[in-house]
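Reading through the structure tokens given below for one structure.
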Amino acid sequence: EAGVVEGRKVFANILKYVRMGASSNFGNMFSVLGASVFVPFLPMAPIQILANNLLYDISQTAIPTDEVDPEQVEKPRPWDMRQLTRFILFIGPCSSIFDYTTYFIMLYVFDCWNVSTPAVAAHSASLFQTGWFVESLLTQTLIIHIIRTNRIPFLQSHSSWPLLVTSVVISAIGIAIPYSALGGYLGFTPLPLLYWPLLAISLLCYVALTQVVKMWLLQRKWI
Numbered sequence: 570e571a572g573v574v575e576g577r578k579v580f581a582n583i584l585k586y587v588r589m590g591a592s593s594n595f596g597n598m599f600s601v602l603g604a605s606v607f608v609p610f611l612p613m614a615p616i617q618i619l620a621n622n623l624l625y626d627i628s629q630t631a632i633p634t635d636e637v638d639p640e641q642v643e644k645p646r647p648w649d650m651r652q653l654t655r656f657i658l659f660i661g662p663c664s665s666i667f668d669y670t671t672y673f674i675m676l677y678v679f680d681c682w683n684v685s686t687p688a689v690a691a692h693s694a695s696l697f698q699t700g701w702f703v704e705s706l707l708t709q710t711l712i713i714h715i716i717r718t719n720r721i722p723f724l725q726s727h728s729s730w731p732l733l734v735t736s737v738v739i740s741a742i743g744i745a746i747p748y749s750a751l752g753g754y755l756g757f758t759p760l761p762l763l764y765w766p767l768l769a770i771s772l773l774c775y776v777a778l779t780q781v782v783k784m785w786l787l788q789r790k791w792i
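Pasting the structure below:
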């Protein structure tokens with residue numbers, strides 16, 4: 570019996586990882602595609618994308634240690650591609666919405682449209698890339714705690730402490746990189762003070778929207 574329960578926990582955690590990776594990549598595809606159309610420079614440099622993915626992947630290494638809600642091990646859960654597809658199609662674009670709000674903040678609030686001279690254009694590109702890098706990493710890391718449970722995260726269901734610690738550490742690293750020596754090598758620049766309260770509002774709205782969409786899907790028994 571203990572072996573069966575443990576097997577169901579393993580399956581539940583595997584499904585968490587697949588949902589997170591697939592929905593995140595699906596949303597990022599729309600974000601990169603849209604930004605490439607109207608932004609006059611690379612929305613994120615290749616080395617920055619690799620750094621983002623590396624940090625995000627590290628934050629997910631603790632998923633095998635995560636707690637599993639009791640209802641997820643009460644009975645066998647079949648592998649259902651239709652449920653996974655619906656999850657990706659509805660949850661993935663939620664991140665794109667706030668990627669686009671970040672684009673507009675960087676372009677119109679912090680004047681990253683300004684490419685009047687080569688030096689100004691380089692600064693605008695670096696500032697835009699830094700703003701999106703931080704927002705993208707934090708939203709991807711935060712969404713782990715929304716997707717990992719069908720309940721209300723942090724209130725009705727708690728992650729394992731290793732998963733919580735890795736999420737906090739990776740988020741802190743992402744915030745600190747633009748202000749470190751490594752940030753210069755990666756093409757980042759320090760962000761304006763106003764960026765942080767705007768980012769906090771975006772993150773709160775993102776969590777709320779994703780939770781509402783998730784509950785809507787659960788009510789329709791689509792996931």
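Each residue of the sequence shown is one higher than the one before, starting from 570 at the first, in the working numbering. From the three backbone atoms N, C-alpha and C, an ideal C-beta is built for every residue, glycine too.
Asked	Found
Would you call the CB atoms of Arg-588 and Phe-697 closer than 8 Å?	no
If we ignore side chains and look at the alpha-carbon of each, how far apart do Thr-686 and Ser-693 end up?	10 Å
Considering only residues of the same chain and omitting the five flanking positions on each side of Gln-709, which have a CB-CB separation below 6 Å?	Ser-593 and Tyr-625
Give me, in chain order, the residues of the same chain whose beta-carbon lies closer than 6 Å to that of Val-606; leave out the 5 immediate sequence neighbours on both sides.	none
For Val-782 and Ser-736, what's the separation of their Cα atoms in angstroms?	22 Å
What did DSSP end up calling Pro-722 once you bin it into helix, strand or coil?	strand
Pull up the distance between the alpha-carbon of Pro-615 and that of Val-573, whole angstroms please.	43 Å
Beta-carbon within less than 7 Å of Pro-662's beta-carbon, same chain only, minus the 5 sequence neighbours each way: which residues are those?	Gly-596 and Phe-599
Using the beta-carbon count (16 or more within 10 Å), is Ser-749 buried or exposed?	exposed
Look up Ile-792 in the DSSP assignment and say whether it is helix, strand or coil.	coil
Decide if Leu-648 is buried, meaning its Cβ has at least 16 other Cβ atoms within 10 Å, or exposed.	Sequence inspection shows Trp at residue 648; the Leu mentioned does not correspond to that position. It counts as exposed.
What does the alpha-carbon distance come out to for the pair Trp-791 and Met-650?	11 Å
Do the CB positions of Glu-636 and Ser-729 come within less than 8 Å of each other?	yes
If you drop the 5 nearest sequence neighbours on each side, which residues of the same chain put their C-beta closer than 6 Å to that of Ser-726?	Asp-638, Thr-718 and Arg-720
Just how far apart, CA to CA, sit Pro-761 and Asn-621?	20 Å
Starting from Gly-576, follow the alpha helix (DSSP H) in both directions and report where the run begins and ends.	571-607
For Lys-644, tell me which candidate among Ala-690, Glu-575 and Tyr-764 has the shortest Cα-Cα distance.	Glu-575
At which residue ranges does the segment 658-742 contain complete alpha helix (DSSP H) runs of 4 or more residues, listed in the order of the chain?	687-716
What does the Cβ neighbour count give for Met-784, buried or exposed, with the cut at 16 atoms within 10 Å?	exposed
Let's test the definition: count the other Cβ atoms within 10 Å of the Cβ of Asp-680 and tell me whether it reaches 16, buried, or not, exposed.	exposed
CA-CA distance, Leu-724 and Val-579?	23 Å
My guess is that Asp-668 and Ser-705 are in contact by the Cβ rule of under 8 Å, so how many angstroms apart are they, rounded?	7 Å
Should Pro-766 be labelled buried (16 or more other beta-carbon atoms within 10 Å of its own) or exposed?	exposed
Quick check: what's the CA-CA separation for Ala-631 versus Ala-691?	37 Å
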